[in-house]
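Residue numbers (this note's numbering), protein chains in the order written: chain A, 17 to 241; chain B, 62 to 472.
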């Protein structure tokens with residue numbers, strides 16, 4: 017029985033849009049065990065991205081508890097949250113979000129710049145991560161010289177390089193054709209097999225079915241638990 | 062460091078025109094502040110020179126008329142000084158080490174071969190030259206022996222010498238002063254004199270006062286020149302002089318009319334304050350220009366922060382702290398102003414250097430030339446640093462305080 021990695025208890029997130037308050041997430045309680053591969057599925061505007069941001073500590077919940085490895089993250093200071101993201105989490109975004117002016121290697125190295133890793137070790141780790149996604153041969157290229165699928169592979173390498181426990185992927189295939197998308201998903205499957213916890217957000221059932229568990233959400237609530 | 066430099070070169074490529082304008086602005090501001098300060102130093106130096114031209118913290122005394130009854134004596138008595146009074150001041154007042162009588166006689170003919178000139182003749186003693194900053198460019202000034210032996214020696218103002226001798230050597234030549242032969246012993250070194258009480262020294266000729274007295278038979282001198290040992294003692298010296306001379310000539314030491322005094326030390330202080338004021342004013346004007354450049358830096362940095370919002374989000378999501386982001390932007394703006402400042406310093410210092418080749422004539426004789434001092438680059442760098450830290454800090458702070466999640470959503 018593997019340990020519990022994530023537990024949220026009645027997490028709520030409210031945004032104010034002008035005077036109107038929008039409840040993006042309502043009382044959401046989920047549990048994720050270490051090594052699980054979970055897909056969160058739901059239509060756009062259902063709150064799945066907000067949930068991912070909260071899980072990734074990019075945003076804090078309005079109310080409720082978020083325990084990571086049994087520790088409440090809302091007690092962390094801003095710097096501690098930064099360190100937490102750096103050590104524990106690897107993000108993969110729909111639009112890749114690579115730094116357009118840096119080459120592939122520099123992009124992958126980025127998370128290592130914010131921790132005490134020396135220059136040589138950084139290069140080694142980045143190349144290793146690139147090898148995992150089969151992109152080591154393009155390390156000198158700029159993102160603009162790569163195809164969509166290749167860019168996403170680089171982005172995954174960036175998420176992996178710091179050896180985080182949790183990979184959070186927000187519609188990673190949303191901007192790719194079906195075939196490329198499948199290839200990307202298979203990378204996540206491999207990562208999961210290797211023991212990493214993966215949370216994948218998607219709105220395509222077909223992709224979600226590759227995960228071990230599916231959480232369906234709608235209007236900020238979990239559908240059918 | 063290398064990363065920031067790379068970043069800067071990349072940004073430079075992306076925002077070339079904006080960066081060039083900012084660098085231009087900073088350079089311009091730097092040039093303004095440096096040149097203004099250099100100009101201020103130039104003016105100050107020139108004013109100092111001009112003040113020195115008359116004499117440093119000297120005082121000039123004129124005899125007057127009593128206006129207050131004193132010891133049974135009525136008002137309206139004329140006071141007159143004899144040459145020996147200069148010695149009296151030195152003897153009786155400790156803080157006065159130098160004093161000279163001065164006879165002045167206008168329009169005396171000086172003849173050398175076929176050249177005939179009318180000039181002002183001054184009869185003075187040996188210390189007069191030192192007090193009045195009259196240096197010998199050739200030969201020497203009048204000395205004690207000249208005075209004692211009533212020698213017929215003459216010292217020429219440089220312009221008077223030019224008019225009589227042109228470029229030819231004057232020292233050792235004989236001239237006729239009112240038909241009496243005199244030997245030229247020296248010529249004044251050219252000096253800047255912005256103050257005078259009876260014409261500029263360059264147009265005068267000087268002879269020992271004893272010779273003057275014998276030649277013209279004047280009992281009374283026109284005025285006296287004295288110098289207290291230091292500028293701070295000028296007021297004290299004035300009081301002492303009134304006391305000593307009041308005792309001798311029986312007038313009330315508080316009688317302002319009996320004794321006319323021009324205390325140059327007082328004026329020196331005033332003039333120094335004014336020129337210091339001018340210098341500060343000019344520096345402030347320069348600093349203001351730089352402030353505008355600072356606003357330009359802030360402006361472009363805000364723009365860059367906006368442009369890079371997404372990038373900030375990505376960096377924050379992989380673990381960059383607020384201070385990582387702050388440092389990145391702050392350093393970039395500092396580097397930007399460092400480039401501008403260095404260019405500005407280089408240009409303005411070169412300009413000042415070029416100015417040093419302009420001959421000091423015409424207008425430059427009065428306002429001087431822009432001059433570098435050690436303080437100028439130091440002050441400039443400090444002002445530049447303060448302004449660029451301020452103008453870089455706020456955009457950088459904005460960048461650091463952006464919420465990561467909002468950065469990622471930013472379109």
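Yeah, the Cβ is synthetic: ideal placement off N, Cα and C, and Gly gets one too.
As the structure is a computational prediction, the values presented were derived from the model and not from experiment.
Do the CB positions of residue i and residue j come within less than 8 Å of each other?
i	j	result
residue 29 of chain A	residue 70 of chain A	yes
residue 380 of chain B	residue 130 of chain A	yes
residue 104 of chain B	residue 339 of chain B	yes
residue 160 of chain B	residue 285 of chain B	yes
residue 107 of chain B	residue 427 of chain B	yes
residue 147 of chain B	residue 162 of chain B	yes
residue 407 of chain B	residue 362 of chain B	no
residue 188 of chain B	residue 116 of chain B	no
residue 191 of chain A	residue 111 of chain A	yes
residue 227 of chain A	residue 55 of chain A	yes
residue 84 of chain B	residue 397 of chain B	yes
residue 168 of chain B	residue 220 of chain B	no
residue 132 of chain B	residue 250 of chain B	no
residue 11 of chain B	residue 296 of chain B	Because residue 11 of chain B is not part of the residues shown, which for chain B are 62 to 472, the question remains open.
residue 248 of chain B	residue 217 of chain B	yes
Going straight from the alpha carbon of residue i to that of residue j, what length do you get?
i	j	result
residue 241 of chain A	residue 172 of chain A	For residue 241 of chain A, the predicted model reports a pLDDT of 49, less than 50, meaning its position is unreliable; a value from the coordinates is still stated below. Residue 241 of chain A and residue 172 of chain A: Cα-Cα distance of roughly 30 Å.
residue 187 of chain A	residue 230 of chain A	14 Å
residue 152 of chain A	residue 36 of chain A	48 Å
residue 182 of chain A	residue 33 of chain A	31 Å
residue 401 of chain B	residue 259 of chain B	52 Å
residue 79 of chain B	residue 441 of chain B	24 Å
residue 76 of chain B	residue 447 of chain B	24 Å
residue 369 of chain B	residue 386 of chain B	11 Å
residue 388 of chain B	residue 376 of chain B	13 Å
residue 197 of chain A	residue 221 of chain A	13 Å
residue 66 of chain A	residue 83 of chain A	17 Å
residue 224 of chain B	residue 329 of chain B	32 Å
residue 156 of chain A	residue 126 of chain A	15 Å
residue 230 of chain B	residue 199 of chain B	9 Å
residue 68 of chain A	residue 454 of chain B	32 Å
residue 97 of chain A	residue 346 of chain B	47 Å
residue 413 of chain B	residue 134 of chain A	48 Å
residue 42 of chain B	residue 202 of chain B	No answer is possible for residue 42 of chain B: it lies beyond the span of chain B, which begins at 62 and ends at 472.
residue 214 of chain A	residue 174 of chain A	15 Å
residue 421 of chain B	residue 429 of chain B	7 Å
residue 325 of chain B	residue 255 of chain B	12 Å
residue 458 of chain B	residue 371 of chain B	16 Å
residue 299 of chain B	residue 124 of chain B	14 Å
residue 274 of chain B	residue 151 of chain B	21 Å
residue 170 of chain A	residue 123 of chain A	8 Å
residue 72 of chain A	residue 138 of chain A	23 Å
residue 287 of chain B	residue 135 of chain B	29 Å
If we count the other Cβ atoms within 10 Å of its Cβ and call it buried at 16 or more, is residue i buried or exposed?
i	result
residue 174 of chain B	exposed
residue 449 of chain B	buried
residue 183 of chain B	buried
residue 382 of chain B	buried
residue 24 of chain A	buried
residue 118 of chain B	buried
residue 6 of chain B	Nothing in the structure corresponds to residue 6 of chain B, since chain B is present only between 62 and 472.
residue 364 of chain B	exposed
residue 215 of chain B	buried
residue 342 of chain B	exposed
residue 203 of chain A	buried
residue 257 of chain B	exposed
residue 241 of chain B	exposed
residue 206 of chain B	exposed
residue 157 of chain B	buried
residue 349 of chain B	exposed
residue 235 of chain B	exposed
> Counting only runs that start and end within the segment 385-414 of chain B, where is the alpha helix (DSSP H) found for 4 or more residues in a row?
Replying inline: none
> When Cβ atoms are compared, which residues of the segment 46-75 of chain A fall closer than 8 Å to chain B?
Replying inline: 69, 72, 74 and 75
>> Extract the residue ranges of the alpha helix (DSSP H) inside the segment 64-148 of chain A, only unbroken runs of 4 or more that lie entirely within it.
In response: 64-71, 94-104, 120-129 and 135-148
> Given a limit of 9 Å on CB to CB distance, which residues of the segment 373-394 of chain B reach chain A?
Replying inline: 374, 375, 376, 377, 378, 379, 380, 381, 382, 383, 384 and 385
> What residues in the segment 68-80 of chain B bring their beta carbon closer than 9 Å to a beta carbon of chain A?
Replying inline: 68, 71, 72, 74 and 75
>> Tell me which residues of the segment 452-472 of chain B have at least one Cβ-Cβ distance to chain A shorter than 8 Å, keeping chain order.
In response: 464, 465, 466 and 469
>> Ignoring anything shorter than 3 residues, give me the beta strand (DSSP E) runs that lie fully in the segment 253-287 of chain B, in order along the chain.
In response: 265-269
>> So if I threshold CB-CB distances at 8 Å, which residues from the segment 313-339 of chain B count as touching chain A?
In response: none
> Looking at chain B, which residues of the segment 119-147 of chain A have a Cβ within less than 8 Å of any of its Cβ atoms?
Replying inline: 126, 127, 129, 130 and 131
>> Residues of the segment 82-100 of chain A in Cβ contact with chain B at a cutoff of 7 Å, in chain order, please.
In response: 94, 95, 98 and 99
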